[in-house]
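This report refers to the structure that appears directly beneath it.
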Amino acid sequence: MPPASLYIHVPFCARRCPYCDFAVSVNGRAEFRAAYLEALQLELKTQLSGTSAHLKTIFCGGGTPTELSAAQLNSILDTVRAHATVAPDAEVSLEANPENLSRETLRELHEGGWNRLSLGAQSFDDTTLRFLGRAHDGARIERVVHEAREEGWTNISLDLIYGAPAQTLEMWRSTLERAVELNVPHVSAYSLTVETGTALGQRAAKGTFRALDDDHLADRMDVASELLEHAGLERYEVSNWARLGQECRHNQNYWRGGSYFAAGCGAHGHFDGERFWNERDTKIYVRRIISDGTARVETERLTPNERLVERLATGLRTREGVALNEGETKLLQPTLASLCKMGLLKYDAEHLKPEKTGFALADGLASRLIGHIL
Ligand SMILES: C[S@@+](CC[C@H](N)C(=O)[O-])C[C@H]1O[C@@H](n2cnc3c(N)ncnc32)[C@H](O)[C@@H]1O
Ligand code: SF4
30 MPPASLYIHV PFCARRCPYC DFAVSVNGRA EFRAAYLEAL QLELKTQLSG TSAHLKTIFC
90 GGGTPTELSA AQLNSILDTV RAHATVAPDA EVSLEANPEN LSRETLRELH EGGWNRLSLG
150 AQSFDDTTLR FLGRAHDGAR IERVVHEARE EGWTNISLDL IYGAPAQTLE MWRSTLERAV
210 ELNVPHVSAY SLTVETGTAL GQRAAKGTFR ALDDDHLADR MDVASELLEH AGLERYEVSN
270 WARLGQECRH NQNYWRGGSY FAAGCGAHGH FDGERFWNER DTKIYVRRII SDGTARVETE
330 RLTPNERLVE RLATGLRTRE GVALNEGETK LLQPTLASLC KMGLLKYDAE HLKPEKTGFA
390 LADGLASRLI GHIL
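For reference, each letter of the sequence shown is one residue, going 30 to 403 in this note's numbering.
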């Protein structure tokens, strides 16, 4: 069976945020962006044609996909539809930044078939937004969400970041309250990660920036859960909350260890039992697609145990947990039984799930279980 999910990477950004380590290009030249688009479409055609793929989820992430015009983004979907069928109820997500999203763009994109908007809000308070180097303010997020609704978007998600030192617990609470007031069906809340090689990483190395300690971060996580759950959004993954039925199906497929096509620079895919990843540099990606028809830099085939390790690492961060067969269950004993006894995990009908208290410890639980396999 070919994968039913597709990830598409658009690397362009107006500038690089100081904390971001994603595959990003700040090259604003129209000809370069057009060349990337052409290469991306060529890769989509090569990857999809002949596979009889029937796609149920498409996720276009970045970078900032909306640095491309709505017509360009719609042409990506047209290419996908020309080489695969797309289910009528498919989830078709697009990442976007508030600052460059006009009402007209929102209308054109929705008409073009995009139906889930993942908006990089990060925070509603302008002090934190400035610290994060963002180009929008809190009021702008609200305006974009209202305009998106008026243009027909119902499936809207906000990305938030907590842990910036200038953001007090009260400021974080007020960001969450403003997200709740907007009544969006999905919120992702990420702890600010300091990546080496980013501007923030360099500041941390020099000692001019200190990340919040674990206790303060745990407080922020607790406030997020409390407020979002009170508003009817269920925590279905460590960093993700949604109204029932509006979970991100594309990400759920990743977390279940499912397969997916992937196109674009730095994109990672998984199919035919193999994981692959593409060249990360945008210029080299374009060159390689044009000269070789592919920009893969690595392909690896995982053993069943390695696949189990991955499923545990992602699945124990989710509410639904991990489905285990009898052999896998045996392999994880006696730690599995002892974590269940401690009330951190629940094992039922060949399904291992985190208990509510286990959510905050998800990564530690997975590594204790994984210790048995590695
Ligand atoms: C790669 S960005 C792409 C979307 C869009 N360009 C934006 O900035 O919102 C996806 C999300 O990852 C999160 N993110 C990126 N770098 C992060 C970091 N170092 N720590 C925590 N979250 C991060 C942000 O919340 C962001 O919205
Ligand atoms: S966080 Fe988003 S806007 Fe900022 S550099 Fe990364 S991808 Fe671009």
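Virtual Cβ for every residue (Gly too), placed ideally from N, Cα, C.
**Item:** Leu345 versus Gly287: straight-line alpha-carbon distance, rounded
**Value:** The residue you call residue 345 lines up with position 316 of the sequence shown. The residue you call residue 287 lines up with position 258 of the sequence shown. If I take the Cα positions, the gap works out to 15 Å.
**Prompt:** Is any heavy atom in ligand 2 found nearer than 6 Å to the beta carbon of Cys49?
**Reply:** Counting from 1 along the sequence shown, the entry for residue 49 is found at position 20. Result yes, Cβ under 6 Å from ligand 2.
**Presumed contact (8 Å Cβ cut-off) between Pro127 and His175, rounded CB distance** = Here residue 127 refers to the residue found at position 98 of the sequence shown. Here residue 175 refers to the residue found at position 146 of the sequence shown. About 12 Å; that fails the 8 Å criterion.
**Request:** Please indicate yes or no: does the CB of Thr95 lie closer than 6 Å to some heavy atom of ligand 3?
**Result:** With respect to ligand 3, the structure offers nothing, as its ligand set consists of ligand 1 and ligand 2.
**Message:** Quick check on this structure: which residue in Gly57, Ala271, Glu266 has the alpha carbon closest to the alpha carbon of Ala260?
**Reply:** The sequence position of residue 260 within the sequence shown is 231, counting from 1. Nearest C-alpha to Ala260: Ala271.
**Asked** Does at least one heavy atom of ligand 2 sit under 6 Å from the Cβ of Val39?
**Response** What you label residue 39 is simply residue 10 of the sequence shown in a count that begins at 1. Not under cutoff, so the answer is no.
**Asked** Can the beta-carbon of Ile185 be found closer than 7 Å to that of Tyr219?
**Response** Reading the sequence shown from its first residue, position 156 is the one you call residue 185. Reading the sequence shown from its first residue, position 190 is the one you call residue 219. No, the pair does not count as a contact, with Cβ atoms beyond the cut-off.
**Asked** Who are Ile37's beta bridge partners in DSSP?
**Response** If you number the sequence shown from 1, residue 37 lands on position 8. For Ile37, which the question treats as bridged, DSSP gives the partners Cys89, Ala292.
**Asked** From this set, Ala352, His83, Glu124, which residue's C-alpha is nearest Leu102's C-alpha?
**Response** Position 73 of the sequence shown, counted from the start, is the residue given in the question as residue 102. Nearest of Ala352, His83, Glu124 to Leu102, Cα basis: Glu124.
**Request:** Flag this pair as yes or no: are the beta carbons of Leu373 and Leu394 separated by less than 7 Å?
**Result:** Numbered from 1 along the sequence shown, position 344 holds the residue referred to as residue 373. Numbered from 1 along the sequence shown, position 365 holds the residue referred to as residue 394. Between Leu373 and Leu394, the CB-CB gap stays under 7 Å.
**Asked** Taking one C-beta from the region 111 to 121 and one from the region 68 to 79 each time, how about it: are there three or more such pairs within less than 8 Å?
**Response** Judged by Cβ distances under 8 Å, the region 111 to 121 makes contact with the region 68 to 79, as three or more pairs qualify.
**Prompt:** Going straight from the alpha carbon of His83 to that of Gly295, what length do you get?
**Reply:** As a first step, residue 83 must be located in the sequence shown, where it is residue number 54. As a first step, residue 295 must be located in the sequence shown, where it is residue number 266. The straight-line gap separating the alpha-carbon atoms of His83 and Gly295 is approximately 24 Å.
**Prompt:** Got a sec, what are the start and stop residues for the beta strand (DSSP E) Asp166 sits in?
**Reply:** For this step, residue 166 is matched to residue 137 along the sequence shown. First-last for Asp166: undefined, no H or E at that position.
**Prompt:** Does the region 141 to 159 come within contact of the region 190 to 207, defined as at least 3 CB pairs closer than 8 Å?
**Reply:** Two segments are said to touch when three or more pairs of C-beta atoms, one from each, lie closer than 8 Å; by this definition the region 141 to 159 touches the region 190 to 207.
**Request:** With a threshold of 6 Å, establish whether the CB of Cys42 neighbours any heavy atom of ligand 2.
**Result:** Residue mapping note: residue 42 aligns to position 13 of the sequence shown, counting from 1. If you check the C-beta of Cys42 against ligand 2, you find a heavy atom less than 6 Å away.
**Asked** When DSSP labels each residue in this structure, what does Ile105 get in the three-state scheme?
**Response** As a position in the sequence shown, residue 105 is number 76, starting the count at 1. Assignment of Ile105 by DSSP, reduced to helix, strand and coil, places it in the helix class.
**Message:** Buried or exposed for Ala291, going by 16 or more other Cβ atoms inside 10 Å?
**Reply:** The residue labelled residue 291 in the question sits at position 262 within the sequence shown. Per the 10 Å Cβ criterion, buried.
**Request:** Using only the heavy atoms of ligand 1, determine whether one of them is closer than 6 Å to the beta carbon of Ile190.
**Result:** The residue you call residue 190 lines up with position 161 of the sequence shown. Because some heavy atom of ligand 1 lies under 6 Å away, the Cβ of Ile190 counts as near it: yes.
**Prompt:** Taking the continuous alpha helix (DSSP H) assigned at Tyr314, which residues delimit it?
**Reply:** The residue given as residue 314 occupies position 285 in the sequence shown. First-last of the alpha helix (DSSP H) with Tyr314: 311 to 321.
**Request:** Assign Pro194 to buried or exposed, taking buried as 16 or more other Cβ atoms, counted over all protein chains shown, within 10 Å of its Cβ.
**Result:** Residue numbering aside, residue 194 sits at position 165 when the sequence shown is read from its first letter. So Pro194 counts as exposed.
**Message:** Given this structure, state the Cα-to-Cα distance separating Gly181 from Cys369, to the nearest angstrom.
**Reply:** Counting from one through the sequence shown, the residue named residue 181 turns up at place 152. Counting from one through the sequence shown, the residue named residue 369 turns up at place 340. Straight through space, the alpha carbons of Cys369 and Gly181 are spaced by roughly 45 Å.
**Request:** Under 7 Å Cβ to Cβ from Ala352, same chain only, skipping five residues before and after it: list those, please.
**Result:** Against the sequence shown, residue 352 aligns to sequence position 323. Within the same chain, Cβ atoms closer than 7 Å to the Cβ of Ala352 are found at Glu379, His380, the five residues on either side in sequence being excluded.
**Asked** Cβ of Leu221 within 6 Å of any heavy atom in ligand 1?
**Response** On the sequence shown, position 192 is the one that residue 221 refers to. Checking the Cβ of Leu221 against ligand 1 gives yes.
**Prompt:** Rounded to the nearest angstrom, how far is the Cβ of Gln70 from that of Thr108, given a contact under 8 Å?
**Reply:** What you label residue 70 is simply residue 41 of the sequence shown in a count that begins at 1. What you label residue 108 is simply residue 79 of the sequence shown in a count that begins at 1. That belief holds up - the Cβ atoms of Gln70 and Thr108 are roughly 5 Å apart, short of 8 Å.
**Prompt:** By how many angstroms is the C-alpha of Ala240 removed from the C-alpha of Asn334?
**Reply:** Within the sequence shown, residue 334 is the residue found at index 305, counting from 1. Within the sequence shown, residue 240 is the residue found at index 211, counting from 1. Approximately 35 Å between the Cα atoms of the pair.
**Prompt:** For Val55, is the beta carbon positioned less than 6 Å from some heavy atom of ligand 2?
**Reply:** To locate residue 55, count along the sequence shown from 1; it is residue 26. Distances taken from the Cβ of Val55 to the heavy atoms of ligand 2 include none shorter than 6 Å.
**Item:** Cutoff 6 Å; reference Ala215; Cβ partners in own chain excluding five residues on either side
**Value:** Counting from one through the sequence shown, the residue named residue 215 turns up at place 186. Per the sequence presented here, residue 215 reads as His, with Ala not at that position. Ser186, Ala271, Gln275.
**Message:** Following a CB-centred definition, is Arg397 positioned closer than 6 Å to any heavy atom of ligand 2?
**Reply:** The residue labelled residue 397 in the question sits at position 368 within the sequence shown. Checking the Cβ of Arg397 against ligand 2 gives no.
**Prompt:** Taking Cβ to Cβ, would you say Ser122 is nearer than 7 Å to Arg145?
**Reply:** Numbered from 1 along the sequence shown, position 93 holds the residue referred to as residue 122. Numbered from 1 along the sequence shown, position 116 holds the residue referred to as residue 145. Taking 7 Å as the Cβ cut-off, Ser122 and Arg145 qualify as a contacting pair.
**Message:** List, from N- to C-terminal side, the alpha helix (DSSP H) runs of 4 residues or more that fit wholly inside the region 335 to 388.
**Reply:** Qualifying alpha helix (DSSP H) stretches, in chain order: 355 to 360, 364 to 370.
**Asked** Going by the beta-carbon positions, is the gap between Cys49 and Gly92 smaller than 7 Å?
**Response** Counting from 1 along the sequence shown, the entry for residue 49 is found at position 20. Counting from 1 along the sequence shown, the entry for residue 92 is found at position 63. Not closer than 7 Å, so no.
**Rounded separation between Thr227 and Glu355 - CA only** = On the sequence shown, position 198 is the one that residue 227 refers to. On the sequence shown, position 326 is the one that residue 355 refers to. Using only the alpha carbons, I get a separation of about 44 Å.
**Asked** Within 6 Å: the Cβ of Gly91 and any heavy atom of ligand 2?
**Response** Sequence index remark: in the sequence shown, residue 91 carries index 62 (1-based). Yes - ligand 2 has a heavy atom lying nearer than 6 Å to the Cβ of Gly91.
**Given Ala52 as reference, the closest of Arg62, His38, Thr343 once Cα atoms are compared** = As a working mapping, residue 52 is identified with position 23 in the sequence shown. Ranking Arg62, His38, Thr343 by Cα distance to Ala52 puts His38 first.
**Request:** Have a look at Val213 and Ser320 and give me their C-alpha separation to the nearest angstrom.
**Result:** In the sequence shown, counting from the first residue as 1, residue 213 sits at position 184. In the sequence shown, counting from the first residue as 1, residue 320 sits at position 291. The straight-line gap from Cα to Cα measures roughly 44 Å.
**Message:** For Arg163, count the other beta carbons within 10 Å of its own beta carbon; 16 or more makes it buried, fewer makes it exposed. Which is it?
**Reply:** Working through the sequence shown from its first residue, we reach residue 163 at position 134. Classification of Arg163: buried, given that the 10 Å Cβ count is 16 or more.
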